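Since the structure comes first, as structure tokens, the remarks are kept for the end.
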Amino acid sequence: MVCEPFPLTMADFAIGGLPKQSLAFTNCVYVCTADFARLRALSPLSDADFDREVDAFGVPTRMGKFVFSVKPLADGVDAGTVAVNGLQRRTGGFSLGQRVGAEAFVPSATSSLESATMEVSLLKKRREGETETIECADLLEVVRNNFNRQVVAIDQLICVEFHGVPLMLKVTAVAAVSMATAGAGSGGGAAAAVSEGQVLPMTTFQFVKAKEANIKLQGQGSSTAARIFRPDFDFQKLGIGGLDHEFSEIFRRAFASRVFPASIVKQMGMQHVRGMLLFGPPGCGKTLIARKLGQCLNAREPKVVNGPEILNKYVGASEENIRELFAEAEAEQEEMGDDSELHIIIMDEMDAICKSRGTSGGSTGVGDSVVNQLLSKIDGVDSLNNVLLIGMTNRKDMIDDALLRPGRLEVHVEIGLPSEAGRAQILQIHTRNPKTHGYLDQGIIDDIWGDESTPAAGVIADLTKNFSGAEIEGLIRNAVSTAFQRGIDGKTFNLSDPSQCKPKLLLSDVHTALEATTPAFGINDQQMKAYFRNGIVHHGAKFDSLLTTLRQLTEQVRTSDKTPLLSVLLEGKPQTGKTALAAHIASESGFPFVRMISADTLIGYSDMAKCNHFLKAFQDSYKSPLSMIIIDDIERCLDYTPIGPRFNNQVLQALLVLTKRAPPTDGRKLMVVGITSVAHALEDLELTRVFDFPLHVPELSEPEEIKTVLREVAPMSQSDMDEITSAITQPIGVKKLLTITEMARQSEESVSADRFIECLHTCGY
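For reference, each letter of the sequence shown is one residue, going 41 to 805 in our numbering.
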């Protein structure tokens, strides 16, 4: 119950000092009991109500331009004197012995305060460098208990004792609520700007740090939870698809703690995550995620900077650029403490400036200094709690290890190639606008979008295995260009019919674009098929058994959770079709990632460059769920020669290590197929031991096997075929047999035995 004001006019009082220092922290003024008895006599309240209300809170009385609560004091105050503390004298402009008039304060309809803002500083200055930490929740409790029912005004100075530390509070803003509206049960009326008002239990307080005050406020507003994400955000509308799992991991690690009140986070002994590293192949959406993340958050506009932009030719300028990125966050945390908004700093191409210290060339040491400056800002002595640094790179291995430890860039999220469901989302994102405006054919709508009753068929999503988000966007752009071309006159290169200017994107346009697009982490079907352009001839039981074994091993890699790595060595004499067999298995396997490494791709490479070439191929394979690496002519890759013998030890050691290393990520599987014609040499180098299954590719040794190949590739009579097989008395490779057969067919439609045997002798058999 708020006591009703009563009419009261008091005589002048003489300003005096307080008899006890402890009374200064009550913000009340004191008169003797005799003077206070006159207030009781003039009050319309009953004695019980007066004792309960006025004795507890004092009588609000205006003296000068401020209103003070008057209370009685039995000893220490003379009659006709009002005891005032030093801050009150400073606030009202009073001096000791001055006569001041006093009159009752009559509350108006807007005298109840809805909120008040107070500037906090130390009453006694501390030495340089000493800082007092103040929990705003505890200070709020002290202010509510001490100043309930008191009247405060803008520019009023109040002293309060907080855990033994004397503080000075300066009222900088107040807002009142209409008593009539507040009493109507509507939860409070509209705030009104006033210069003074009465503090009630409903009043909320906002504390801010005074300039140059050696204090640190924390826990401001800690009783309420923060709303980190905007309520209306939608990742697909922002142009982000296929990254649901990654966003779930980012939210759990980096933002979940920021949703809870700061006091709870502190009681849990936790600190917010200050850094996050997004890494993965180019074109998978790292930069897009970081930029769009700022649009989803209730935070300040993110600062976006590319790594190379930090560097400057002047001494110390690069480090200064780093400090400027954190300057606003430092200033706001200094002023507002835990109430500071989240500052997001996005740093793209982070590997350009954060290489491992000691590895950069040159004598300036600029790279090392930049790393040191960044470390001090993220996790130094005065580390910030209102900053989230998001770094992006596709070369995580190049970044200094000190940056990657917990407390710095501790959240590492791999933004990999999208799954089939993710590719479907990305396709919908890039076809939403043409669908809305009616530029999509029904066939492509059914495939990418489906309808309410039938889900999308997803043929395009299935055919775009190992496409990154950027490559899918390029695929749609390629398809749209095909649709545009249909409406253009091939002679004039103008619109063939300007009145019918509405191109349709067809499903066939997308398939045409697919034929012309090869993903960076996919399989090059044209390259693989070139290795067995003459087809695969099933020439006997030995070959069929070998092919069955290879297919079983491929299926084991696909289906078994316990086989993340499987390696096969195909060995046999030259010209036996080992490379064609490996390429055939790779093509029919359906693995989204296949790499063929052969000696011809390493021509001109240094030893280190060869090792890096192998390393990159294996690292790329780890980014795909199913991968196959074919190493053709291993002995040529090793620079092996029987004279000496001589080989490249650096490349050998790289192959020994990489071939035995399973993919580091769960759910990723790799099959390695090695091909060699000198298995005995690899045994001496201990390379055959790292392959799980050494398989022998046989030559054609039986007449029936040779006849099977001849029937498949060349028309000839049975008698000629018998004569040819009788002429071949030693095993021959299937590739050599096909070459000789094709040579014999050049001069005549059917192959005769004489012509074939002539070509056989020409080839040195």
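We put the CB at the ideal spot given by N, CA and C, even for glycine.
Every value quoted in this text rests on a predicted model; they were computed, and no experiment measured them.
Query, Result
"Output the boundary residues of the alpha helix (DSSP H) element that contains residue 159.", "Not the alpha helix (DSSP H): residue 159 falls in the beta strand (DSSP E), residues 152-162."
"List in chain order: all unbroken alpha helix (DSSP H) runs of 4+ residues lying wholly within the stretch 561-641.", "565-570, 581-599, 618-629"
"Reducing DSSP to helix, strand and coil, say where residue 336 ends up.", "helix"
"Among 123, 110, 98, 119, whose alpha-carbon lies nearest the alpha-carbon of residue 61?", "123"
"Three or more beta-carbon pairs under 8 Å between the stretch 566-582 and the stretch 614-625, yes or no?", "yes"
"Could you spell out where the beta strand (DSSP E) holding residue 427 opens and where it closes?", "427-433"
"Taking three-plus beta-carbon pairs below 8 Å as touching, is the stretch 159-169 in contact with the stretch 129-149?", "no"
"What are the boundary residues of the alpha helix (DSSP H) that includes residue 670?", "Taken as a continuous stretch (DSSP letters only), residue 670 belongs to no alpha helix (DSSP H), being part of the beta strand (DSSP E) at 666-671."
"For the putative contact between residue 773 and residue 739, defined by C-beta atoms under 8 Å, what is the C-beta separation to the nearest angstrom?", "5 Å"
"So residue 523 packs on residue 544, CB below 8 Å; how close in whole Å?", "6 Å"
"What would DSSP say about residue 523, mapped onto helix, strand or coil?", "helix"
"My guess is that residue 710 and residue 667 are in contact by the Cβ rule of under 8 Å, so how many angstroms apart are they, rounded?", "5 Å"
"Between which two residues does the beta strand (DSSP E) holding residue 144 run?", "139-144"
"Going by DSSP, what residues sit across from residue 56 in a beta bridge?", "123"
"Please report the straight-line C-alpha distance between residue 730 and residue 632, rounded to a whole angstrom.", "25 Å"
"Excluding the 5 residues preceding and the 5 following residue 16 in the sequence, name in chain order all residues of the same chain whose CB lies nearer than 6 Å to its CB.", "Not covered by the structure: residue 16. The range shown for the chain is 41 to 805."
"Is the beta carbon of residue 206 less than 7 Å from the beta carbon of residue 153?", "no"
"Scan the stretch 703-787 and note each continuous alpha helix (DSSP H) run of 4 residues or more that stays entirely inside, going in chain order.", "719-724, 743-753, 758-767, 774-784"
"Does residue 444 come out as helix, strand or coil in the three-state DSSP assignment?", "helix"
"Can you tell which of 200, 240, 203 has the C-alpha that lies nearest to the C-alpha of residue 807?", "The chain is shown only over 41 to 805; residue 807 falls outside these bounds and no answer can be derived."
"Rounded to the nearest angstrom, what separates residue 821 and residue 648 at their Cα positions?", "Residue 821 lies beyond the residue range present for the chain, which begins at 41 and ends at 805; the question has no answer from this structure."
"Jot down the residue ranges of each uninterrupted alpha helix (DSSP H) in the stretch 334-401, minimum 4 residues, whole runs only, in chain order.", "347-350, 357-376"
"Looking at residue 73: is its Cβ nearer than 7 Å to the Cβ of residue 106?", "no"
"Looking at residue 8: is its Cβ nearer than 7 Å to the Cβ of residue 159?", "There is no way to answer for residue 8, as the model of the chain reaches only from 41 to 805."
"Pick out whichever of 413, 64, 307 has its Cα sitting closest to the Cα of residue 359.", "413"
"Give the DSSP-derived three-state secondary structure of residue 286 in the structure shown.", "helix"
"One question on the structure: do residue 18 and residue 612 come within less than 7 Å of each other, judged by their Cβ atoms?", "As displayed, the chain neither begins before 41 nor continues past 805, which places residue 18 out of reach and without an answer."
"Is the stretch 300-308 close to the stretch 427-438, with three or more CB pairs under 8 Å?", "no"
"Drop a sphere of 10 angstroms on the beta-carbon of residue 354, count the other beta-carbons inside from all chains shown, and report buried for 16 or more, exposed for fewer.", "exposed"
"Go ahead and pull the three-state DSSP assignment for residue 507.", "coil"
"So which of 708, 733, 707, 706 has the shortest CA-CA distance to residue 719?", "733"
"Which term fits residue 716, buried or exposed, when burial requires 16 or more other beta carbons within 10 angstroms of its beta carbon?", "buried"
"Measure the C-alpha to C-alpha separation of residue 557 and residue 357 and round it to an integer number of angstroms.", "44 Å"
"So residue 605 and residue 702 are supposed to be a Cβ contact under 8 Å. How far apart are they, rounded?", "4 Å"
"Here's the rule: buried if 16 or more other CB atoms are within 10 angstroms of the residue's CB, otherwise exposed. What is residue 70?", "buried"
"How about residue 151 and residue 238: are their beta carbons less than 7 Å apart?", "yes"
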